[in-house]
Amino acid sequence: MTTIYLVRHGQTYFNRYNRMQGWSDSPLTENGVKDAKRVGEVFKNIKFAYAASSDANRARNTAQIILDYNLANPPKLVEIPNFRECFYGYFEGMNSPETWLLTAHQAGYRTFNDLVTNFDLDYAKDLMHQADPFHEAETADQYWQRLDKAFEFLAKQVSFTSSDPVLLVTHGTTIRSIVGRYSSEKQFDLTDPPRNGSITTIEMNQNRQIKVKDYNKLKI
-16 MTTIYLVRHG
-6 QTYFNRYNRM
4 QGWSDSPLTE
14 NGVKDAKRVG
24 EVFKNIKFAY
34 AASSDANRAR
44 NTAQIILDYN
54 LANPPKLVEI
64 PNFRECFYGY
74 FEGMNSPETW
84 LLTAHQAGYR
94 TFNDLVTNFD
104 LDYAKDLMHQ
114 ADPFHEAETA
124 DQYWQRLDKA
134 FEFLAKQVSF
144 TSSDPVLLVT
154 HGTTIRSIVG
164 RYSSEKQFDL
174 TDPPRNGSIT
184 TIEMNQNRQI
194 KVKDYNKLKI
């Protein structure tokens, strides 16, 4: 099993303003840069076998700051586009609570956490697709086809005989979705979003079987 550290990117302006940010991409705030530097301090003596991020600037820039702090001959950063955030279609850039009120209302609820508590993250994705007047927000099936390709690509790059871990900087809903899919029921509270600059630890073998070891931590 290879250890993969999933890091959520640093705070962005859309995070600060509580707006939907999937494929849209706002810059890191000053606090977002501090988030990345804090993670860099945590990982500065870790020898990474591989380092990757999504192709979003917020993830790429966070990852590069982390690697700039690393003292253990860090690898060159590789972008894996399929690890980008869920696409929110028509709702990109919109106010998050208002978006989830409109989405959850279809099922008789009001918030994102209502959907996660009573259903799951995949149901929330499909409900948003229905609420999108253009029906371009990603469905759960579309999302997982993309994420499965991302993990397939990553598995081909990693030497599973090495004990050195992998750094992967990605996104909040993506991290929550991975944890929701590969952890046991109620193992982690997915109504608690991964903090900017938080670390989630998973393990993956050569058959792409995944186990979640820890979620939403600031240290390892």
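Residue numbers (my numbering): -16 to 203. We put the beta carbon where it would ideally sit given N, CA and C, even for glycine.
Please state whether the Cβ-Cβ distance between residue 43 and residue 68 is less than 9 Å. For the purposes of this step, residue 43 is identified with residue 60 of the sequence shown, where counting begins at 1. For the purposes of this step, residue 68 is identified with residue 85 of the sequence shown, where counting begins at 1. It is not a contact, given that the beta carbons lie outside the stated cut-off.
If I follow the unbroken alpha helix (DSSP H) through residue 59, where does it start and stop? Taking the sequence shown and counting its residues from 1, the one referred to as residue 59 is at position 76. In the DSSP assignment, residue 59 falls outside any alpha helix (DSSP H) and carries neither an H nor an E.
Pull up the DSSP beta-bridge partners for residue 42, would you. Stepping through the sequence shown from its first residue, residue 42 is reached at position 59. DSSP links residue 42 through a beta bridge to no other residue.
Name, in chain order, the residues that DSSP records as bridge partners for residue 16. Counting from 1 along the sequence shown, the entry for residue 16 is found at position 33. According to DSSP, which records beta bridges pairwise, residue 16 is partnered with nothing at all.
Would residue 92 and residue 108 be called neighbours here (beta carbons separated by less than 9 Å)? Residue numbering aside, residue 92 sits at position 109 when the sequence shown is read from its first letter. Residue numbering aside, residue 108 sits at position 125 when the sequence shown is read from its first letter. No, they are not a contact pair.
Is the distance from the Cβ of residue 23 to the Cβ of residue -13 below 9 Å? Here residue 23 refers to the residue found at position 40 when the sequence shown is read from its first residue. Here residue -13 refers to the residue found at position 4 when the sequence shown is read from its first residue. It is not a contact, given that the beta carbons lie outside the stated cut-off.
Okay, do the segment 112 to 120 and the segment 156 to 165 touch, 3+ Cβ pairs below 8 Å being the bar? Cβ pair count under 8 Å is below three, so no.
Do residue -9 and residue 11 have their CB atoms nearer than 9 Å? Indexing the sequence shown from 1 puts residue -9 at position 8. Indexing the sequence shown from 1 puts residue 11 at position 28. Going by C-beta atoms, residue -9 is not nearer than 9 Å to residue 11.
Per the contact definition of three or more C-beta pairs closer than 8 Å, is the segment 81 to 88 in contact with the segment 172 to 179? They do not touch, by the three-pair rule.
Give the single residue among 1, 27, 31 and 90 whose Cα lies nearest to the Cα of residue 51. Here residue 51 corresponds to residue number 68 of the sequence shown, with the count starting at 1. Selected option, being the one with the closest Cα: 27.
Taking C-alpha atoms, which residue in 58, 54 and 77 lies nearest to residue 206? Because the chain in this structure spans residues -16 to 203, residue 206 falls outside the shown range and cannot be described.
Backbone CA spacing between residue 47 and residue 34 [nearest angstrom]: Working through the sequence shown from its first residue, we reach residue 47 at position 64. Working through the sequence shown from its first residue, we reach residue 34 at position 51. Using only the alpha carbons, I get a separation of about 9 Å.
When the Cα atoms are used, what is the spatial distance from residue 90 to residue 57? Here residue 90 is taken as the residue at index 107 of the sequence shown, counted from 1. Here residue 57 is taken as the residue at index 74 of the sequence shown, counted from 1. Residue 90 and residue 57: Cα-Cα distance of roughly 47 Å.
Which runs of the alpha helix (DSSP H) spanning at least 4 residues fall entirely within the segment 66 to 126, listed in chain order? For secondary structure counted as the alpha helix (DSSP H) over 4 or more consecutive residues, the segment 66 to 126 holds these complete runs in sequence order: 79 to 88, 95 to 101 and 104 to 114.
Could you say which of 196, 154, 30 and -6 lies nearest to residue 64 if we only look at CA atoms? Position 81 of the sequence shown holds residue 64. Closest option to residue 64, judged by alpha-carbon separation, among 196, 154, 30 and -6: 154.
DSSP three-state call for residue 160: helix, strand or coil? Taking the first residue of the sequence shown as 1, we reach residue 160 at position 177. Helix, per DSSP.
State the Cα-Cα distance for the pair residue 152 and residue 112, rounded to the nearest angstrom. Indexing the sequence shown from 1 puts residue 152 at position 169. Indexing the sequence shown from 1 puts residue 112 at position 129. About 26 Å.
Expressed to the nearest angstrom, what Euclidean distance is found between the alpha-carbon atoms of residue 186 and residue 14? On the sequence shown, residue 186 is found 203 positions in, with the first residue counted as 1. On the sequence shown, residue 14 is found 31 positions in, with the first residue counted as 1. Answer to the nearest angstrom: the Cα atoms are 29 Å apart.
Tell me where the beta strand (DSSP E) around residue -2 begins and ends. Taking the sequence shown and counting its residues from 1, one reaches residue -2 at position 15. Element bounds for residue -2: not the beta strand (DSSP E) but the alpha helix (DSSP H), -4 to -1.
With residue 31 and residue 148 assumed to form a contact (beta carbons below 8 Å), what rounded beta-carbon distance in angstroms separates them? Stepping through the sequence shown from its first residue, residue 31 is reached at position 48. Stepping through the sequence shown from its first residue, residue 148 is reached at position 165. Contact between residue 31 and residue 148 is confirmed by a C-beta separation of about 6 Å, below the 8 Å threshold.
Range of the contiguous beta strand (DSSP E) that encloses residue 199: Stepping through the sequence shown from its first residue, residue 199 is reached at position 216. That run of the beta strand (DSSP E) goes 193 to 200.
Looking only at its chain, what residues have a beta carbon closer than 6 Å to the beta carbon of residue 4, apart from the 5 residues adjacent to it on each side? As a working note, residue 4 is residue 21 in the sequence shown. So the qualifying residues of the chain are -3.
Taking all protein chains shown into account, do 16 or more other C-beta atoms lie within 10 angstroms of the C-beta of residue 131, making it buried, or fewer, making it exposed? Working through the sequence shown from its first residue, we reach residue 131 at position 148. The C-beta of residue 131 has fewer than 16 other C-beta atoms within 10 Å across all chains shown, which makes the residue exposed.
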